[in-house]
Each structure stands twice: as structure tokens, then as C-alpha cells.
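Protein chains in written order, with the working numbering: chain D, 20 to 501; chain B, 20 to 501.
Quick reminder that beta carbons are idealized off the backbone N, C-alpha and C, glycines included.
Since the model is a prediction, treat every value here as computed from it, not as a measurement.
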Ligand SMILES: [K+]
Ligand SMILES: [K+]
């Protein structure tokens, strides 16, 4: 582990973070909302820390970063950015303590969207802008991480990260990291701009449209309003946001291929088809469940069902209704959706559709083997056989995901939180969703969770966002040896 | 699929079932409780149905039963026995409808212990005896199924069932099915007699002692009292029952080895050690959680914590306290324990400790592979390498278990049941535990579940009891072909 290289790259990330604080600074200047000094101070501190790290460390030859160092950079880099991104909230007095600031910041950069702000509308405009903007930055990071860095590390000998993206990606995009990143970010920015235009076309102000696009595309879910998207109570906005949440839940390399003219790619890709059919199917079931029990008209039931289902399945976490008041069926579906998540290679969290598909096919194969003991059944995704070591990685991933869910739920409950809230909060944070169940439902917030619980949950967010392995491996002593 | 052979064996099972109804008949005669005619009628019907099936079918040469027919016999046999075992409850007017009678009977034979009796003490003594006795019979069936039949089928080419018992069993016991069965039943009966003596020694009447031994040893959990074991409010009884629940949760072949003089076998066997340490560890955590919040003294907290934890971990389902009134930590632990279950080869249900140990080692191996990509790490249990196909079977089993839990919870919720109850009831029934959460907690019963829900849940009980594959495979069209 060559710490000087790791420090150098994290230093660069912090300098970059300090630099982009110029946007909330400009925002504060325009709206004259009193957060100017807080942001300037944060900017200075972040910039100095970044430069300091950069200069005391050595510039690595990027070719020689080994996989282990790659993992350390990803995990520690995300943590450092979460820590320094919290400064504006802390200096701007938006939160009562530093823990809360870090929680909000990590919740942003991991695109989770769980909030400790009890009165969002009481926070200054520039800080709310920062809160939305860091989700958008987090989304950029995730796309590149899951589509370029993790498979890249995989090629370097680590079969596991190759397994993370069993989608037709690495061979389709230009292989070099920086070019892939540029293409993906271009697509990401393009769709974000489209959403801003669509929202403004419906009459939403530029500031709100921008902030919501910044949190839709990374499936982040922070809103500038206390009541989340329900604040606008506008079917057109609901519809637009549902549309863009769905787009954000699709593998971004498919968007790229669509732009290249492969018009049927969403349907041809089996994961994407699974994801779209799941969104549609669950929406219809929940619509059926809500019609007559909660809403009097089918169209209203469909509107709220589609929004909430897409919001949870894509792991965005916006709300236009309190699903905790819905009937049992809808609640069970939403609880289960918290584990499913969106497509691999999208900005969504959770287990990812691809892994779940592989798991189901794996289970079916076991049944099939019981009937035909001598046959060698294979698991296929998009007509390609999933190699055995990738299967193992995926089943291992799902196992660790659930084991960690269990362990963290027990730990959170040990802090005096009730069962439903513990299970819901941990499921929500590991899945990078935002709202949970119990006292952290869609109309509640995370402010009342004890301090130790907040640190546990923000660790869960990092865990889920960085695909479990990257974070949990830091706890294995073997990792640090030699 | 040679139906005549299957019919013949099920016929023999029914004749046997009709024959053992002589015990409740005798009980009814002694107590003169008015159920004599109902039991006679049931006995006659079961006997006739059994003889009918036996004579219209052909006697198979047991050597030529193929694995597929073996599976069909296990699944259909258990179902048939559940159906005919319901007759005494139905004819004896202990239940309002046939569905309830079948629910109670299947709950008995699968050793689940979920009840639809709202007033247990209002049911005649002979019917309550039958209710306890069928759990004891179910336990006998399970021991032989999991330690002799499933591995036996496995040897015949089905790797899967071999995977079910990765314990040092088949090679240690005499290989022939009938002899293995005799030895195991002898051990089972011996421990049951011991429990009766211990309970009577503390002052419990013979009838109650017998009925409770009949439901402790198969980890069944039916009690003759409305308040379950809490009725006696006696620390000595609690202690004795905890001890025997633990014994019932241990692989019965280990008991046999203990009787043969291998005194340290409980500690040497890694699954048993895991199981015992888990019982102890969780009891201590829950004691700590309850002390000061629910109970004022450490000893009282320990008494109730140990009873409830052991009851759920061993999947017995007795209650001396309502854990739904306990703090969040204890509730989360109990909810998770519903999935864990006892040892493979015991009478307990759930996923089984051995499978969970394998899963954890599998996950750790995946992490290890990430650090040392070139190493070939192996999963070991009791110093023996678990073969790759067994690993796959186990991971597949856990995957199917959880997928079915999810599907059945959604289906139950679709019948208008709230989320907590749906999740709790399905977890409890698939795990063969008994009580769940919400409106089916330890002080509630299953009477209020709609009829379709009861059929779903009793299917879940069979599913869990027959190790998932045996039941779910009947739904795969491939299974019936050719
Ligand atoms: K989110
Ligand atoms: K039970």
C-alpha cells in the first residue's frame, strides 16, 4: 500500500471539490442569502487540505496503481469528499452538530438522500443548491466507478469487479478510462439539461428545476422542499420526474448506445427489459391496491403508485405520498423494492436488477439440476454465459449484502431504535434510497437518530454505494498486510 | 412417475396414521371427554382410505423407487397425512371449517405449531392429545427424512440432498434406512421420556408433561394451555423446557454418538458449537436489553430471554412472554432468528445453522479471493472441504428460501394483511416456528387469517419442513415430464 500515491489522488479530489464550491458561492452571491462566508471558509479549508495532501505526497504513475490501492483510493476518496463536503452545512449553521453535517454530505455524495434537515425550506438557497449539487457530483462518480473503474480493476486481475457489471459495457465503450468517463458524463449532463428544460416548460422556476434535475439524475432524492415533490402537487411535474427517474435507473452505456442509433437497445438488453417491466408491473399492482382504498380514481391511484414505485425501485427516494399509510400489499412491495434497486451501470443503488436476475437463474438452475442430475445447465444473461467465478461473486455479493443488512439492523436497534425503523433505515441506507419505514418514513427525517446511529448509517450508505466489497474489505486485516 | 408405487406407500402411511389414532381414542375413553365418536369416525375414514389406496395400487420393490418418485412420495405423503390428520379436529367440532382443521393438522405434522384455536383449553383433552402427538410423529418423520432419506436419495445420484446434510452423519450411522431410523427413533423416544420425567418431577401432571414432551422434542410448540408455557409460571419448568429445546435443536446423530461415549461431540462438531454459542450469546444480549427496561432483576430477564431465544432459534415456538412488547433490539434479534433455525439433522426448521455457516464462509472466501486473486480458497466444515456442487446447492437453497419468503409475503399481504403480520407469518411458517409478528404474535393466533391465506401458509409450512426443493420442484413442469 503506497500511501503517498493514495494521498496524492485524494488531494486532487479535494482540490477539485474546493474548486466546484465556486458554484454555491455564486449562488449565495446572487441570492445574497448570508451563506457567503460559510462557503468561502469551506472552500478555503477544502482547497488547503487538498493542496497540502497533494504536495506532501508523490504523483503516482497511474499505470502502476495496483488493484488494492485502487480500492483504497475509492473508499477513502469517497469518505474524504463526504467529510469536506460537509463543511458548508457546518459553517453555515444548517445543522446542530458536525455529525449531522457529515451525514447530510455523505447522504448527498452517495446519492442516498436521507436527510437530517427538519425544516429544509429554512436552509439558505446556496446551501440547498450545494446539497443538490453534491448528489449530481456523486452520480458522476458512480457512473464512472461502476462502468469504468470497477471493470478496469477487474481486468487487472480482480475477477470480482468484472462481475459487478455483467452488462455489455466495457467492450462497447472506448476502453480508456478518461474517454469512457467523458462520454458517460456527456450523456449524463445531456439528460440532466433535458430534465431542467422539461420542468421549466411546466412552469417550475429555474432554481428548483435545476436542483431537482441535480437530484433526479443521480437517483439522489434530495428536494428543496419540506414535502419533497409533493410540494408542487402537479401531475405534469410528477410525470416528468417519473420519466427521468426511469432514465436514471437505466445503464448509462445503453443511453450512449441509444444516442448512437441503436433504438431498440432498451428492449434488447435483458436487464433493462427486466427493470422496465418491473417498474410497470409493480405500478399496476400498487395502483390496483390503492384504487378504492386510498384514492377514489384509477388515474390518481396510478399517478401516486407510479411515482412512489419508480422512486423506490430506482432508489431515488422522492415522495409525493406517504406510503406508510398505504395498505399492507403496497407497503410490502415497497419494502422489498428497497433491496432490488435499479440497473447495474445506472446511478441507482440496491442490489441491482442484473444481480437479482442472475440469482434467480442460479436458483432455477439448482432446481433443474435436481431433475436432470447429469445436465450442465448454464446461467445466461443477454445470451452470454455468465462464467462460474462471476456467478460466485454475485452470490457472494448478495450474501454479504444481506448479512450486513442484518448486522447493521441489529446494531441500530441496539441504540434504542424500534424494529421497523431499524430495518427500514438500514435497508434504505445500504440501498442508497433515502426514506425508510417507521420513524424514518417518507414524511419523516433522520434527525432523531442518535449520533452513533448516524455514523453507522452513513457507513451503510458508503457500503452500498461502493458495492459493499470496496468498503468491507477495508475491515479484513489481510487487506492491509504486506 | 409410477403412480401405483406412490399410491401404495401413501396408502401404508395412512393405514399407520389410522392405527395410531388409537392413542387419542384411548385418551378420550379415559377422560370421557365426548370426542370418542369423532376420533372413531376419523380412524375409520383414514384406515379405509389407506387400505383402499394400498389395494388398488401395486406393492413396489423399494430398491426401484427412483429419486423423482422419492420426492413425490415425501411431498404427497406429508400432504396426505396432514389432510387425514385433520379429521379428528373437523369431526370433533374443534374448528369452524375444514380449512382450519387442515391448518392445525399440517401445522402439527410439520412441527410448526401455528394455531387457529382461539381457546385451546376449551378443546377436549383427547383432541389436544392428538394435536401434540402429531407433532411428535412429525418430528419422527423429519429426523428420518433429513438424516436417512434425503442423503439416501442423494447417494442415488441427487447431489442436492447430499448437500442438505453436510454433517458427519450418513457414514457414521448404519447405512440401511430402516436401521438408521430405528436408532434415531430410539434416541428421540429416550429423550422424550426423560423430559416427561423431568417435568413430572417438578410437579406437572402426567397428561401435560406428556403433551409438552410430545411438542418440545419435535420443536413443535403446541401447548395444551392458552398462555402456552407461560401458564405454569414456573422457573423450573422453563428451565427444563429450555434444556430439552436445546437438545431437540441438535443433530440427532450427535445424540447417538454421545450415547456411544463420544462425550465431547457437541463441542467438537462445528455446527453444534455454532448453535450452542448462538443460543448463549443471543440470550445474553437479550438479557442485557431486557434488564432495566422490561424486567427489574437480571435473573428474571435471563429466564425470559433464554426461553424466548431458545424457543425461536430452535424453531419450537413456545412462549413465556410477549416479545412484541420488548425493545427494538430484542425484537430484531427474534425476527432474524426466525430465519436462522437450528442444526441440520435436528427436528428444528429454518435455514439451519450449517447452511448459514457455509454461506458466511462462502462470502468470506469471496472477499479473500479479492485480496489474493490467485489463491484457491476452500470452504470447510468440521475440517472437511465442502465440495463445489454442495456449495452451489446451499447457496441456491438460501436464495430460493428468501425468494419464496418474499413472494409468499407479497401474496399474503395481497389478501389484506398488514406488512408486519405478512412478513412475520410467512417467516414463521416457512421456518416452522409458530408465532410471528403483528397480529400473529406469541399471544395471538392465526384464526383471523383469511381462508386463502391459511392455505398459503400451510403450503409454506410444508415448503419449509420438506427443505423447500422437495415441494417447490413439484411446481416445475419439467419434473412431471416423461
Ligand atoms: K436516493
Ligand atoms: K415450531
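Between the region 328-337 of chain D and the region 445-463 of chain D, the count of Cβ pairs shorter than 8 Å is three or higher; the stretches touch. Annotation: residue 230 (chain D) has no Cβ neighbours in chain B at a cutoff of 8 Å; minimum Cβ distance is about 33 Å.
Annotation for residue 378 (chain D): the continuous alpha helix (DSSP H) segment containing it runs 372-390. Taking 7 Å as the cut-off, the C-beta of residue 333 (chain B) does not count as close to any heavy atom of ligand 1. Not one heavy atom of ligand 1 is found less than 7 Å from the C-beta of residue 300 (chain D). Between the alpha carbons of residue 254 (chain B) and residue 226 (chain B) lies a gap of roughly 20 Å. Proximity of chain B to residue 88 (chain D) at the Cβ level (cut-off 8 Å) is not reached, the minimal Cβ distance being about 13 Å.
Interface annotation, residue 114 (chain D): not in contact with chain B, CB-CB separation never under 8 Å. The alpha-carbon of residue 308 (chain B) is positioned some 26 Å away from that of residue 370 (chain B). Checking the 7 Å criterion, the Cβ of residue 238 (chain B) is within range of a heavy atom belonging to ligand 2. Residues 441, 442 and 445 of the same chain have their beta carbon placed closer than 6 Å to that of residue 428 (chain B), with the five preceding and five following residues left out of the count. In summary, the residues of the region 422-434 of chain D whose CB is separated from some CB of chain B by less than 7 Å are 422, 425, 428, 429, 432 and 433, in the order they occur in the chain. Checking the 7 Å criterion, the Cβ of residue 364 (chain D) is out of range of every heavy atom belonging to ligand 1.
Residue environment: residue 499 (chain B) is assigned as exposed (fewer than 16 neighbouring CB atoms within 10 Å of its CB, all protein chains considered). If you compare the alpha carbons of D:480, D:439 and D:495 with that of residue 154 (chain D), the shortest gap goes to D:480. At a threshold of 7 Å, residue 130 (chain B) counts as near ligand 2, since its beta carbon sits closer than that to one of the ligand's heavy atoms.
Within the same chain, and ignoring the five residues on either side of residue 417 (chain D) in sequence, the residues whose Cβ sits closer than 7 Å to its Cβ are 370, 374 and 378. The beta carbon of residue 122 (chain B) lies closer than 6 Å to those of 135, 473 and 477 in the same chain, with the five residues before and after it left out.
The Cβ-Cβ distance between residue 128 (chain B) and residue 100 (chain B) falls below 8 Å. Residue nearest to residue 146 (chain D) within the set D:158, D:159 and D:124 is D:124 (criterion: CA-CA distance). Within chain B, 381, 382 and 385 have C-beta atoms less than 7 Å from the C-beta of residue 415 (chain D), given in sequence order. The shortest C-alpha to C-alpha distance from residue 349 (chain B) to any of B:326, B:490 and B:361 is the one to B:326.
For residue 411 (chain B), at least one C-beta of chain D is nearer than 8 Å to its own C-beta. For a cut-off of 8 Å, the C-beta gap from residue 365 (chain D) to residue 269 (chain D) is around 6 Å, short enough to register as a contact.
Contact between residue 483 (chain B) and residue 438 (chain D) is ruled out by a C-beta separation of about 22 Å, above the 8 Å threshold. From the beta-carbon of residue 350 (chain B), the residues of chain D found nearer than 7 Å are 438. Taking a beta-carbon distance threshold of 8 Å, residue 354 (chain B) counts as an interface residue toward chain D.
Look at residue 464 (chain D): its beta carbon is at least 7 Å from all of the heavy atoms in ligand 1. Annotation: Cβ neighbours of residue 492 (chain D) in chain B (cutoff 8 Å, chain order): 386, 389 and 390.
Closest in alpha carbon position to residue 148 (chain B), among B:299, B:58 and B:319, is B:58. For residue 112 (chain D), the closest of D:342, D:139, D:331 and D:288 by C-alpha to C-alpha distance is D:139. For the region 459-488 of chain B, the set of positions with a beta-carbon nearer than 9 Å to some beta-carbon of chain D reads 488 in chain order. DSSP, read as helix, strand or coil, puts residue 314 (chain B) in strand. In the three-state DSSP reduction, residue 436 (chain D) falls in the coil class, being neither helix nor strand. Contact between residue 320 (chain D) and residue 249 (chain D) does not hold, since the beta-carbon distance rounds to 16 Å and is not under 8 Å.
Under the three-state reduction of DSSP, residue 28 (chain D) is assigned to helix.
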